[in-house]
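First residue of the sequence shown? That's 1 in my numbering, and the numbers climb one at a time after it.
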Amino acid sequence: MVLYIASSASFGQAYEELLKAVEDGHTKSVERLLDRGLDPNTADPKGNTILMMAARLGHRELVALLIKRKASVTKRSPFGDTALMMASLRGDLEIARLLVENGAEVSHRGWAPIHYAAFENRAEIIRYLIAKGADKDALAPNGYSALMLAARGGHVEAAKGLLYEDADVRVKGPKGETALSIARQRGMSDFVDLLKRAGAVE
1 MVLYIASSAS FGQAYEELLK AVEDGHTKSV ERLLDRGLDP NTADPKGNTI
51 LMMAARLGHR ELVALLIKRK ASVTKRSPFG DTALMMASLR GDLEIARLLV
101 ENGAEVSHRG WAPIHYAAFE NRAEIIRYLI AKGADKDALA PNGYSALMLA
151 ARGGHVEAAK GLLYEDADVR VKGPKGETAL SIARQRGMSD FVDLLKRAGA
201 VE
């Protein structure tokens, strides 16, 4: 991992400096530490790479630097997160585009970027991901589609983005629930009307 940092003590200090610089968005400091030999795929103690951290925090210049320095855009944390999932959660379209243009996967098994975008009502991200080939009806590990997650959170804009791209209103969850039944159970009349206009039936 390290080319020029000899002792474990100096490496430990450099590692802490790197994580702090990433957290603070100090691109020049990160670049200096990478030049000293630190790995662009370095992860924090929880297994999140510094690229994931930069994407989650919205540090666009830093994301660009890490990609330039060959940080993996497809690497997943122990929890299954990717940098694109972090950008989708944040709703940062510029970072999402940068990651996708450099090979980030828009769809994969398990939790996917579109689920995170729906969870946080990121309609613009949703439409971008679908335009890039994301499976709009993919089921998350909890058995919910992005549309169902939007219904669960009462996120009308996310639902509009999904319905504009013809998300399937008939998808059922593990207990037979649909986006419509979820919205109705939560008393969200506007959401119910939106789904019915898109063809959802009782």
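Note that CB positions come from ideal geometry on N, CA and C, so glycine has one too.
- Non-local beta-carbon contacts of alanine 87 in its own chain, meaning distances under 7 Å to residues more than five positions away in sequence, involve Ala55, Ile95, Ala96 and Leu99 in chain order.
- If you look at lysine 196, you'll find it in the alpha helix (DSSP H) that goes 189-197.
- Contact between alanine 158 and isoleucine 182 is absent: CB atoms are separated by about 13 Å, not below the 8 Å threshold.
- Assignment of beta-bridge partners to threonine 49 by DSSP yields Ala43.
- With respect to leucine 18, threonine 42 sits close: the two C-beta atoms are nearer than 8 Å.
- Straight-line spacing of the CA atoms in valine 30 and asparagine 48 works out to 16 Å.
- Spatial neighbours of methionine 53 in its own chain (CB-CB distance under 6 Å, excluding positions within 5 residues in sequence) are listed in chain order as Val22.
- When rounded, the separation of the alpha-carbon atoms in glutamate 101 and serine 145 is 25 Å.
- Here histidine 115 carries a helix assignment [DSSP, helix/strand/coil].
- CA-to-CA, the gap between tyrosine 128 and glutamate 177 works out to about 27 Å.
- In the three-state scheme derived from DSSP, where H, G and I count as helix and E and B as strand, serine 10 is classed as helix.
- The continuous alpha helix (DSSP H) containing arginine 32 extends over residues 27-35.
- As the crow flies, the alpha-carbon of valine 192 is around 6 Å from that of leucine 180.
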